[in-house]
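Using mature numbering (1 follows the signal peptide of the UniProt record, and there is no 0), the letters of the sequence shown correspond one by one to residues -22 to -1, 1 to 486. Even for Gly, the Cβ is constructed at its ideal location relative to N, Cα and C. Report on the following structure.
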Amino acid sequence: MRKLKKWAALGMAGILAAGCLAGCGDKKEEASGEGTAQEKTADKGEAVTLKWYLAGSGPQADVVTVQNAVNQYLKDNYDMNVDLQIIATDYANYPQKMQMVISSGEEYDICWTSSWNNNYYDNVNKNAFIPMDELLEKEAPELLASMDTSIWDAVRVKGNIYGVPSQQIFPKQNYVVIVKEYADKYGLDVSKVRKLSDLEEFFKAVKEDNPDMYPFAASSNGLMGKHNVALGYESIVSVNIPGAVKIGDDGLKVYNQFESEEVKEFYEMMYRWEQEGLVRKDAVTVADNAVPDMKAGKHIAAINATYKPGVETLESGNFGGKEVVFATLSEPYLATENLVSSLNAVSQTSKHPELAVQFLNLVNTDKDLYNLLCFGVEGTHYILNEDGTVKTDDAKGYNPNVDWMMGNQFNGLLREGQDADVWEETKKINDSAVESKALGFAFDSTTVTNEIASVSAVYDQYGKSLETGGTDPASVLPEFQEKLKTAGADKIIEEMQRQIDEWKSANK
């Protein structure tokens, strides 16, 4: 099996080299060179519209100011006459939004896609994205060089690259975050928390003293994708699609995770918590990862997929600035799914694919442009502290907090409270993570496209409610499992096993 241990060091080298673009000499000369497509496509007349779809908390109130600043920056530094349009939709509604956009044939240029939201593999098999290999070589050589070939290979489908991975922390390490004042008040020792169920008595004690509070945050964004490593499995395509392998299984036997004892116990726990008022009864209707309720003090704990250096600052912000503590529920684990957890792809309907790739090249290699997109305009949307960290303010109209979604996070400014060595510590985790036995395997769903669409619909009908405790698994889980079989789950798993066996043989 091809190992990916070297990617982090090589990726960081590319990052450091690219970092000079933000502050070294003339940007057009350094990023483009003589006669490149960026200069050839420069339009002195009417600006070329670039429409970029993103997920997150939804539209930012002052996004127009940031778009205008980006347009001016591109014109001043690269002679690119662009009219950027950022269209943000909340996480819960983003998959449906993008499927409407794609199925209607709407003209757009770039969209964010992943293994867990607006599924990358599904969209590739629907012919929604263009293959990018030649365009990356021609229009984005700096971006291509910033990541090791093993990363690019991991996002290939049927031999082609269809999306640009966001450079960030790649391994998953599931964790739970808890507001410190409650952990202290109720004597919770987070060092002894090994699994989510260990918090049940703590949550009950909090609930008893705070009847209007729902201690654990649950939402329609789903909990399985934030908890699957802790439950001991990795998904082949998505946590929402039947087909997984056990972590550590050298034989790579594919099974239906929705029929596993671990998932059943998780559903039973969530239903019990809903009945006891530890989670909201209508959690399945809650969007935005329940962050508004967390900020409002209605929740004091949440689970997330990927623990990373500096996450304390981000999670504190999610809880309204309160101090937080953590318990990790798994070891760092690197699977192919993680490498496709955040990508930006170019649409088949784009009239300017070359320009779209040039733009992605700059977003991933020009620090100033990247930070402008992440934080907005200095002095208007954020304050740059004396130590170089960023102090954000939601009230200023632009704080999307999706740095990891937009591009190369290693080029990002640090947020107030983050340590100066955050990116170096992130690299260490990337280097030391346990690697999946299936690392580098990418499933080709061409022969089961209809079945995947069918099981996805079944999951939407049953899975989200089971994950958030809204339905009793004693009666609903058997029906869910049977509907998955009827929709073609067994055929999907059989095809996954066939392809994995072939891949194993070819990679011995």
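- With fewer than 16 other Cβ atoms inside 10 Å of its own Cβ, residue 456 counts as exposed.
- In this structure residue 69 touches residue 266 by the C-beta definition: roughly 7 Å separates them, less than 8 Å.
- In the three-state scheme derived from DSSP, where H, G and I count as helix and E and B as strand, residue 257 is classed as coil.
- For residue 165, no alpha helix (DSSP H) run applies, since DSSP gives it neither H nor E.
- Here DSSP, grouped into helix, strand and coil, assigns residue 66 to strand.
- Counting of Cβ neighbours within 10 angstroms places residue 55 among the buried residues, the total reaching 16 or more.
- In this chain, the beta strand (DSSP E) harbouring residue 304 covers 302 to 306.
- Counting only residues of its own chain and dropping the five nearest sequence neighbours on each side, residue 195 has a CB closer than 6 Å to the CB of 268, 272, 277, 280.
- Per the C-alpha coordinates, the member of 482, 385, 322 positioned closest to residue 98 is 322.
- Residue 121 sits in a helix when the DSSP states are folded into three classes.
- Spanning the alpha carbons of residue 193 and residue 459 requires a straight line of approximately 30 Å.
- Residue pairing by DSSP leaves residue 399 without any beta bridge partner.
- Partner residues in the beta bridge of residue 153, as assigned by DSSP, are 282, 306.
- Apart from the 5 residues on each side of it in sequence, residue 258 sits with its Cβ closer than 6 Å to the Cβ of 192 in its chain, given in chain order.
- Note on residue 446: 16 or more other CB atoms within 10 angstroms of its CB, so buried under the neighbour-count rule.
- Using a C-beta cut-off of 8 Å, the region 90 to 109 makes no contact with the region 340 to 356, since fewer than three inter-stretch Cβ pairs fall below that distance.
- Runs of the alpha helix (DSSP H) lying entirely within the region 169 to 249 and spanning at least 4 residues, in chain order: 178 to 187.
- By alpha-carbon distance to residue 390, the top candidate from 261, 89, 346 is 346.
- Contact fails between the region 228 to 238 and the region 39 to 48, because fewer than three Cβ pairs, one in each stretch, are under 8 Å apart.
- For residue 30, the closest alpha carbon among the candidates 89, 147, 298 is that of 89.
- Annotation note: the region 416 to 482 contains the following uninterrupted alpha helix (DSSP H) runs of length 4 or greater, listed N- to C-terminal: 427 to 445, 451 to 465.
- CA-CA distance, residue 364 to residue 158, rounds to 28 Å.
- Around the beta-carbon of residue 206, 16 or more other beta-carbon atoms lie within 10 Å, marking it buried.
- Scanning its chain for C-beta atoms nearer than 6 Å, with the 5 sequence neighbours on each side dropped, one finds around residue 376 the residues 38, 40, 44, 354, 359, in chain order.
- When DSSP states are grouped into helix, strand and coil, residue 61 belongs to the strand group.
- By the Cβ criterion, the region 406 to 426 is not in contact with the region 74 to 83, since fewer than three pairs of Cβ atoms, one from each stretch, lie closer than 8 Å.
- For residue 187, the closest of 204, 208, 163 by C-alpha to C-alpha distance is 163.
- In the three-state scheme derived from DSSP, where H, G and I count as helix and E and B as strand, residue 410 is classed as helix.
- Counting C-beta pairs with one atom in each stretch, the region 471 to 483 and the region 216 to 234 have three or more that are closer than 8 Å, which means they touch.
- Judged by beta-carbon spacing, residue 263 lies within the 8 Å limit of residue 198, meaning their Cβ atoms are closer than that value.
- Its Cα nearest to that of residue 294, the residue 156 stands out among 437, 156, 256, 127.
- Judged by DSSP in its simplified three-state form, residue 370 adopts strand.
- Excluding five sequence positions before and after residue 442, the CB atoms of its chain that fall closer than 7 Å to its own CB belong to 198, 200, 262, given in chain order.
- If you draw a 10 Å sphere on the C-beta of residue 393, you find 16 or more other C-beta atoms in it, and that means buried.
- By the Cβ neighbour-count rule, residue 381 is buried, with 16 or more other Cβ atoms within 10 Å of its own.
- With fewer than 16 neighbouring CB atoms inside 10 Å of its own CB, residue 483 falls in the exposed class.
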